Amino acid sequence: MIFSTILYLLIVILLLSTAPMQESATLPPLQTFILFTLKILLFDRALRLYLAWKKPTRATAYFKTEKYCSIVVIILLVSDLYLLSLSHYLKLLPGSKILPSLPVIAGVGIYFLYQAVLRARLRKSYQHIFGGNSTAVRFIVDTLKITFSFILPWLFLSLTMDLIPLIPAPKLKQFLEHSLWAEPALILLITLITITFLPTIMVRLWGCKPLPDNDARRLIESCSRRQDVSFQEICTWPMFERRVLTAGVIGFIKPSRYLLMTPALLESVTPEELEGVVSHEIGHVKKGHLLLYLLIFIGFIMISQLLSQPVVGLFIRSAFFLELAGRYNGDPASLLVFMTGLPFMLGAILFFRYVFGYFMRNFERQADLYSYEVLGSAGPLIRVLEKIAWLSGNIRNEPSWHHFGIGQRVDFLRECERNRSTGRHHNFKVYGSLTLYLTVVLFGSFASVQITPRLFSADQGRQYAETLIAGRIQTDPHNPLWHQLQGDLYAGRHKYPEAMTAYAICLKLDPKNPEVLNNLAWLLLTARDPQYRNYSRALTLAQNAVEIQNKGYILDTLAEAYWLNNFPEKAVEIEREAMTADPGNREYYKQQEKKFLQSNENS
Numbered sequence: 015m016i017f018s019t020i021l022y023l024l025i026v027i028l029l030l031s032t033a034p035m036q037e038s039a040t041l042p043p044l045q046t047f048i049l050f051t052l053k054i055l056l057f058d059r060a061l062r063l064y065l066a067w068k069k070p071t072r073a074t075a076y077f078k079t080e081k082y083c084s085i086v087v088i089i090l091l092v093s094d095l096y097l098l099s100l101s102h103y104l105k106l107l108p109g110s111k112i113l114p115s116l117p118v119i120a121g122v123g124i125y126f127l128y129q130a131v132l133r134a135r136l137r138k139s140y141q142h143i144f145g146g147n148s149t150a151v152r153f154i155v156d157t158l159k160i161t162f163s164f165i166l167p168w169l170f171l172s173l174t175m176d177l178i179p180l181i182p183a184p185k186l187k188q189f190l191e192h193s194l195w196a197e198p199a200l201i202l203l204i205t206l207i208t209i210t211f212l213p214t215i216m217v218r219l220w221g222c223k224p225l226p227d228n229d230a231r232r233l234i235e236s237c238s239r240r241q242d243v244s245f246q247e248i249c250t251w252p253m254f255e256r257r258v259l260t261a262g263v264i265g266f267i268k269p270s271r272y273l274l275m276t277p278a279l280l281e282s283v284t285p286e287e288l289e290g291v292v293s294h295e296i297g298h299v300k301k302g303h304l305l306l307y308l309l310i311f312i313g314f315i316m317i318s319q320l321l322s323q324p325v326v327g328l329f330i331r332s333a334f335f336l337e338l339a340g341r342y343n344g345d346p347a348s349l350l351v352f353m354t355g356l357p358f359m360l361g362a363i364l365f366f367r368y369v370f371g372y373f374m375r376n377f378e379r380q381a382d383l384y385s386y387e388v389l390g391s392a393g394p395l396i397r398v399l400e401k402i403a404w405l406s407g408n409i410r411n412e413p414s415w416h417h418f419g420i421g422q423r424v425d426f427l428r429e430c431e432r433n434r435s436t437g438r439h440h441n442f443k444v445y446g447s448l449t450l451y452l453t454v455v456l457f458g459s460f461a462s463v464q465i466t467p468r469l470f471s472a473d474q475g476r477q478y479a480e481t482l483i484a485g486r487i488q489t490d491p492h493n494p495l496w497h498q499l500q501g502d503l504y505a506g507r508h509k510y511p512e513a514m515t516a517y518a519i520c521l522k523l524d525p526k527n528p529e530v531l532n533n534l535a536w537l538l539l540t541a542r543d544p545q546y547r548n549y550s551r552a553l554t555l556a557q558n559a560v561e562i563q564n565k566g567y568i569l570d571t572l573a574e575a576y577w578l579n580n581f582p583e584k585a586v587e588i589e590r591e592a593m594t595a596d597p598g599n600r601e602y603y604k605q606q607e608k609k610f611l612q613s614n615e616n617s
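Residue numbering for the sequence shown follows the numbering used here, starting at 15 and increasing by one per position.
Written out as structure tokens, the structure reads:
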């Protein structure tokens, strides 16, 4: 339930983050809005028909229906991104240039809209199975509050990362821009701050209340004291109208650590069984599982950040990508983000499903083992697990990606009672797996740091830039800037005919552009291939450029043109004007002046 919700949110965020930013929409805004509205209405109608056909009457059937419908919601969001140009409209939101994560946050809001439609249709099935009589609006708000609580860390992290560059601190900006470790370190710091305060917010969003002073609370407090663990509060957890049998602990440190227990579980267990459950949850604290989860997650974030540049480098080196970018009608930069985002999205899903899920299952088993070792018997916890399996709809043998099945957990505890070495072997397996994982993370981080510089060459960077600018020209052909940049790139690669063509188009669009007049003049003066030199035309272009803007480097081009057209005295005069206009490059201009004077003396 909870873990699947988190996985769906992760997929949604990754989809929104990697979707290509389209320069133009597929359809006009009004048509897009009408289609989007019709799609929501059709989704609502399809849900009503599907639920009338399926009619889930048990908790397991309800959760399966919820899972399948949530997958459909993600598919609908994908159709919005790629058929209705959602990313194009999201980037038009006011403030999106200041807060780059705003379009993604708004996209998550669209996902919540679909979820609201889904929850409205699931309400009757939910109330039939779990009870309750909430109105549709109250039910939607209550269920989405739980989902919203899971995106709070990402939301806080994203907004903070957006706001930090706006801080007027030059040294901080320099550190963030030039240090390879800056972003991972900053993410770690913000994550630590977030998780310190998040549990307190979550228990309030979930509607948790302190457990009254009764026998159950006193037993829990006594058990906690004996095992030297304390909680900020012991709370009742009203999940699914208080009818789900489960417990949990959240929070890393005592001021924000909470023990949560559902009323149904408290009502279903004996004092001895309750002690088994509490010991299991304390086992998570004693074994440091919450901190280890954080360490595993940070390891994934760190290696993802460090591998992002090598992955980009591999794509830029790829002839397939460059050919694809050349044929792509949109922005090649967005295509690069999408293409490089795909392996990360797939990697993130596989990581949470198999790597994180592996550690979750084995940490749960380790907590079971701790409860057995503390109580000296596995009986209390086994009885609780069997009750949960029976009261939850005979789910004893149902598998889960984040927990071993209840039958598997019971079999493990019984094996521990038969063979004491089973527990030792499991602990060795857990810590050995952690060591292997951290070794892979450290090795991968080191390898990515070493590989990154080798994947980027100046020639490959220019080739990608050419493809990028060509894509911009295709989508925005009347913008002279793209033709100017294209000309500069071609000139830098000594592709003189292409450069001259690009500059000519730019000057047709913007005849008074001093930069282009200057750059074209410089090309005609300094081309390696003599057939492309034209000193007289270069002089005219340089004179026109200086009339518009007399910057130092433009004056230097004019001086060079005078010199090559056999006017050395005029060249010296103009070069001295360049020194006055641009004193920061005085040494270069002095060298130019010396060159002109020497040629004048020789002549």
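Glycine residues also receive a C-beta, built at the ideal position from the N, C-alpha and C atoms. Treat the numbers as computed from the prediction; the structure is a model and nothing was measured.
- Judged by beta-carbon spacing, T276 lies within the 7 Å limit of T260, meaning their Cβ atoms are closer than that value.
- Between I568 and P528 a beta carbon distance of about 6 Å is seen, short of the 8 Å cut, so the two are scored as contacting.
- Contact between L531 and N558 holds: their C-beta atoms lie close to 5 Å from each other, under 8 Å.
- Within a 10 Å sphere around the beta-carbon of S244 sit fewer than 16 other beta-carbons, which makes this residue exposed.
- Per DSSP, Y576 is one residue of the alpha helix (DSSP H) stretching across G566 to L578.
- In terms of Cβ geometry, L30 and V118 form a close pair [threshold 7 Å].
- For E247, there is no enclosing alpha helix (DSSP H); the enclosing beta strand (DSSP E) has its first and last residue at E247 to T250.
- If you compare the alpha carbons of I89, L553 and I248 with that of I296, the shortest gap goes to I248.
- The C-alpha of S236 lies about 35 Å from the C-alpha of T449.
- Under the rule that a run must span 4 or more residues, the alpha helix (DSSP H) segments found entirely inside the stretch 273 to 320 read 277 to 282 and 285 to 300.
- A straight-line Cα-Cα distance of about 15 Å links L274 and D227.
- DSSP, reduced to helix, strand and coil, places K608 within a helical segment of the structure shown.
- The secondary-structure analysis by DSSP pairs K223 across a beta bridge with T250.
- Here G290 is buried, its C-beta having at least 16 other C-beta atoms within 10 Å.
- The stretch 172 to 187 makes contact with the stretch 105 to 117, as at least three CB pairs between them are under 8 Å.
- A contact between stretches requires three or more CB pairs, one per stretch, nearer than 8 Å, and the stretch 202 to 213 meets this requirement with the stretch 304 to 324.
- Contact check for A516 against G501 passes: the beta carbons are separated by less than 7 Å.
- Nearest Cα to V122 within the set I20, G145 and F57: I20.
- Cβ atoms of F352 and T32 come within 8 Å of each other, at about 5 Å.
- The C-beta distance from S99 to T489 rounds to 13 Å, too long to meet the 8 Å contact threshold.
- In the structure shown, the three-state DSSP call for A261 is strand.
- Annotation: Q319 to L104 spans about 25 Å, alpha carbon to alpha carbon.
- Annotated as proximal: V424 and I396, with beta-carbon spacing under 7 Å.
- Between L225 and R218, the gap from beta carbon to beta carbon reaches 7 Å or more.
- Judged by their CB atoms, A392 and H294 are not nearer to each other than the 7 Å cut-off.
- Looking at I363, P494 and A134, the one whose alpha-carbon comes closest to that of V155 is A134.
- Under the three-state reduction of DSSP output, S414 falls in the coil class, being neither helix nor strand.
- When only Cα atoms are considered, M374 and H416 end up about 6 Å apart.
- Just so you know, the alpha carbons of A575 and Q612 end up roughly 16 Å apart.
- Counting along the chain, no alpha helix (DSSP H) covers L106, and no H or E run does either.
- Non-local beta-carbon contacts of C520 in its own chain, meaning distances under 6 Å to residues more than five positions away in sequence, involve P494, H497, Q498 and V530 in chain order.
- I207 counts as exposed, since fewer than 16 other C-beta atoms from the protein chains shown sit within 10 angstroms of its C-beta.
- DSSP places S270 in no alpha helix (DSSP H); its state is neither H nor E.
- For K68, same chain residues with a beta-carbon under 7 Å away, outside a window of 5 residues either side, are T79 in chain order.
- Per DSSP, reduced to three states, the secondary structure at T449 is helical.
- The continuous stretches of alpha helix (DSSP H) do not include S148, and DSSP gives it neither H nor E.
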